[in-house]
């Protein structure tokens, strides 16, 4: 496993250091196929944590094991420091499944009222929570409509509403934006960011890398049931800036001069390419080019994105 | 409270199903036809000079047993096919994921669903059986020896069938579970008929097969207890054999056995569901 900068994974706001989700040696085997192979995972309190991976990497299996929906072949999971089999541990958990199918004969209010009962919320408080949840996902105007008449996006939102009924401290979203239009995606993203401001821990399983990169404090990339990388999306570029430059002229020994600063530098006609450990090195290379008498027309440092990292990890495995 | 919420929800979900509505509609039609048939049968009995008056209760009992047997068959089918997807199809459709993640034990889900389904099947059985008994009583004045016992036995029969179905639905997919339980119920009925024929023919092997099948699936035994509580003999002695009458009623202890059997089915369903991947 490769590790990124752990700073982004630190507990936000100096709250309790006990991870909200802790998995140790999590393993799931179906027959002879190993779906998850000994996963260790900590999701700190208050973080928005992304779970990424190619199809079949075991992401949904991991989420199901974390929530007690699937029993691990080996390993353990705690939520808020308690075993996930303990209903009290799940009292402050909200969950929007990926392949959800709700009871379509219910109205939105009846549906939320039923789920609020399952959370053990009673009487006037239940009515209030239902109203608040409907308002939060923008479905107040459809409160008395049957779920069977809802569009995919509206079903996604009502699913999110049922996950918010208990004012969760941990919200687990499995592909929450699948099937949503750009406006719907943005609304979900804004909601996740608002929840983060409220101190809610969010575990997000999504295959949309840009989405994860925008909202997540920490990311775990799974591949073939194993943790391939974990760290902060903002720390991905640190230690590795890819730079391209366009130059003209310069002495014959220019490349040797620059190799002292960037050992992997290569020249193809008037194009230079190299990687630098930090921005200072990039500036030093630029200064050296100019000092040598060459003309520098363009210098383009590029921070690797989460997508670059993801592709590198998955392709690296295929090689 | 969570079990009650799940039971109420399951009950409402069951009664909203189209096939349940169809079953209720067809049952109402059957009851009307049964009332019309009873009216004309009783008129024939009252005017016929071929039948000894002492045999009238026997004929009326046969009429009543026919009606009760048909509604018990319908209630069994209703219980089986309303329950057959309760665990497996909800696991397949992922409906249970958003429920099982709530702060409740898995046994609460199974028990809540069982209560809702049993309540639905029991109410159907209770109402239809009472209506059939009432139709015969109102038109002919025939009073069954123990109608309360008959109703209780049939409600227990429906409850046992729901329990078996909930258990089987933890292993088999929707339709397969329904067919499997219906075949078990049919096997029990075949065993019951074989036992009664064995009594008439005095063949011990046939009787033993029937008894063992009633131990395996005690649903038909409950039907026999109900029938023996409804039938009447001309002299208070030997029962006249008929397609729905009982020559040799099961021991009353079979009702206790059926109750234990029901609880065991539920316990096994819970144990299976506790280990299921949702």
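Residue numbers (the numbering used here), protein chains in the order written: chain A, 1 to 319; chain B, 320 to 597. All C-beta atoms, glycine included, are put in the ideal place defined by N, C-alpha and C.
| Should residue 451 (chain B) and residue 350 (chain B) be called a contact, given that it needs their Cβ atoms to be closer than 9 Å? | yes
| field | Segments assigned beta strand (DSSP E), at least 3 residues, entirely inside the region 224-253 of chain A | value | 226-231, 241-248
| said: Under 8 Å, CB to CB, which of the residues in the region 329-344 of chain B have a partner in chain A? | reply: 332, 335
| field | Contact between the region 441-456 of chain B and the region 382-391 of chain B (3+ Cβ pairs under 8 Å) | value | yes
| query | Buried or exposed: where does residue 191 (chain A) fall if 16 or more other Cβ atoms within 10 Å of its Cβ makes it buried? | reply | buried
| Would you report the Cα separation of residue 128 (chain A) and residue 417 (chain B), rounded to the nearest angstrom? | 21 Å
| said: Applying the 10 Å Cβ sphere with the 16-neighbour rule, what's the burial state of residue 18 (chain A)? | reply: exposed
| query | Within the chosen definition, does the region 397-411 of chain B reach the region 492-503 of chain B through at least 3 CB pairs nearer than 8 Å? | reply | yes
| So the beta strand (DSSP E) residue 205 (chain A) belongs to, where does it begin and stop? | 201-205
| What do you get for residue 179 (chain A), buried or exposed, if any count of 16 or more other CB atoms within 10 angstroms of its CB means buried? | exposed
| said: Rounded to whole angstroms, what is the Cα-Cα separation between residue 341 (chain B) and residue 565 (chain B)? | reply: 31 Å
| Bridge partner(s) assigned by DSSP for residue 83 (chain A) | A:78
| message | Rounded to the nearest angstrom, what separates residue 594 (chain B) and residue 77 (chain A) at their Cα positions? | response | 16 Å
| query | Starting from residue 25 (chain A) and walking both ways along the alpha helix (DSSP H), at which residues does that stretch end? | reply | First-last for residue 25 (chain A): 21-30, but that is the beta strand (DSSP E), not the alpha helix (DSSP H).
| message | Using a Cβ-Cβ cutoff of 8 Å, what residues of the region 57-76 of chain A are near chain B? List them in chain order. | response | 64, 67, 68, 69, 70, 71
| Nearest to residue 89 (chain A) by alpha carbon, out of A:258, A:218, A:170, A:37? | A:170
| task | State yes or no: is the beta carbon of residue 439 (chain B) nearer than 9 Å to at least one beta carbon in chain A? | result | no
| task | Return the residues of the region 403-415 of chain B that lie within a Cβ-Cβ distance of less than 8 Å from chain A, sorted by chain order. | result | 412, 413, 414
| message | Counting only C-beta atoms, is residue 567 (chain B) closer than 9 Å to chain A at any point? | response | no
| Leaving out five residues before and five after residue 319 (chain A) in sequence, what residues of the same chain have Cβ atoms less than 6 Å from its Cβ? | Unreliable positioning characterises residue 319 (chain A) in this predicted model, as indicated by a pLDDT of 42, which lies under 50. A coordinate reading is not provided.
| Going by DSSP, what residues sit across from residue 327 (chain A) in a beta bridge? | Past the boundaries of the shown model lies residue 327 (chain A); chain A is included only from 1 to 319, so the question cannot be answered.
| query | Does the region 329-336 of chain B come within contact of the region 413-430 of chain B, defined as at least 3 CB pairs closer than 8 Å? | reply | no
| said: Under 9 Å, Cβ to Cβ, is there at least one residue of chain A near residue 358 (chain B)? | reply: no
| Just curious, the alpha helix (DSSP H) that residue 532 (chain B) is in, first and last residue? | 523-535
| field | residue 15 (chain A) versus residue 91 (chain A) - alpha carbon distance | value | Bear in mind that a pLDDT of 48 at residue 15 (chain A), under 50, signals an unreliable position, so the model cannot answer this.
| If we call anything under 9 Å between Cβ atoms a contact, is residue 114 (chain A) one with residue 328 (chain B)? | yes
| task | Ignore the nearest five residues each way along the sequence and tell me which others in residue 518 (chain B)'s own chain have a CB closer than 7 Å to its CB. | result | 526, 566, 567
| Would you report the Cα separation of residue 189 (chain A) and residue 151 (chain A), rounded to the nearest angstrom? | 19 Å
| said: Please report the straight-line C-alpha distance between residue 583 (chain B) and residue 591 (chain B), rounded to a whole angstrom. | reply: 12 Å
| query | So the beta strand (DSSP E) residue 35 (chain A) belongs to, where does it begin and stop? | reply | 33-43
| Comparing the C-beta of residue 488 (chain B) with each C-beta of chain A, is any distance below 9 Å? | no
| Quick one: complete beta strand (DSSP E) runs, 3+ long, within the region 136-178 of chain A? | 170-174
| message | Strictly under 9 Å for the Cβ-Cβ distance: is residue 101 (chain A) near chain B by that measure? | response | yes
| Pairwise C-alpha distance: residue 312 (chain A) and residue 185 (chain A) | 27 Å
| Would a check of beta-carbon distances place residue 49 (chain A) closer than 9 Å to chain B? | no
| task | Answer with buried or exposed for residue 373 (chain B), where buried requires no fewer than 16 other C-beta atoms within 10 angstroms of its C-beta. | result | exposed
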